[in-house]
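Colleague: One structure follows; several queries about it will come next.
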Amino acid sequence: MADVFRRRCGRLAVSVMKMSHIDEKGNARMVDVSSKEATSRRAIASGSIKLGRNASAAIDDDEVPKGDVFSTARIGAISAVKRTWESIPLCHPLRIGGVEIEFNKDGNTICATCTVKGVESTGFEMEALTGVTTALLIIYDMTKALDRGMEIGEVRLIRKSGGKSGEYKWQG
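Under this note's numbering, read the sequence shown as residues 778 to 949, first letter to last.
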């Protein structure tokens, strides 16, 4: 597989070989974090969903046939955060210290933010991204009977802190 990758990707294979999730043969691997110090870490991700008028009005009037959209999305997102390692192949199972999911509805757009924190030897970026995308997917699922033309987007890591690489803040 690694030889096929090198033949097809040429120079790209050289830069990929320097990534921590790729071994010297070009194979994917799970990074060994067993010797890393556990530090206080936090990651914040956000994203949005643009609703149609029907879905937006049903949420505003608390008349979504499937129930309370925000409570369901919050619980589903928290569950997804805790199980990120099961769906993202190279993620480590982490001890989650806390998860916060916030929603802000402005007109027909809902912005979701997921904050994940804890004390670990690796970061919570993938958990925060998983949480926010799951929340948005649940909103879509709960309102799709009212409007299938919704658009999920602008999913990004907003901030992360802790660990060897230190602080990151999205500059957009």
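Each residue gets a CB set at the ideal place from its N, CA and C atoms; glycine is no exception.
(1) According to the neighbour-count rule (16 or more other Cβ atoms, all chains shown, within 10 Å of its Cβ), is residue 818 buried or exposed?
(2) Tell me, which residues are paired with residue 881 by DSSP?
(3) Quick one: residues in its chain with C-beta nearer than 6 angstroms to the C-beta of residue 896, no 5 flanking neighbours on either side, listed in chain order?
(4) Here's the rule: buried if 16 or more other CB atoms are within 10 angstroms of the residue's CB, otherwise exposed. What is residue 922?
(5) Could you tell me the distance, in whole angstroms, from the CA atom of residue 900 to the CA atom of residue 939?
(6) Do you know whose CA, among 822, 828, 876 and 802, lies nearest residue 893's CA?
(7) From residue 823 to residue 812, what does the alpha carbon distance come to, in whole angstroms?
(8) State buried or exposed for residue 937, treating a residue as buried only when at least 16 other CB atoms are found within 10 Å of its CB.
(9) Thinking residue 841 and residue 911 are a contact (beta carbons under 8 angstroms), I'd like their distance in whole angstroms, please.
(10) Could you compute how far the alpha carbon of residue 797 sits from the alpha carbon of residue 947?
(11) Rounding to the nearest angstrom, what Cα-Cα distance links residue 883 and residue 806 in this structure?
Modeller: Walking through what the data contain:
(1) In the assembly as shown, residue 818 is a buried residue. Its beta-carbon has 16 or more other beta-carbons within 10 Å.
(2) Beta-bridge pairing links residue 881 to 888.
(3) The answer, listed in chain order, is 815 and 817.
(4) exposed
(5) 8 angstroms
(6) 876
(7) 31 angstroms
(8) buried
(9) With 8 angstroms as the limit, residue 841 and residue 911 do not qualify as a contact, their Cβ atoms being about 18 angstroms apart.
(10) 23 angstroms
(11) Straight-line spacing of the CA atoms in residue 883 and residue 806 works out to 42 angstroms.
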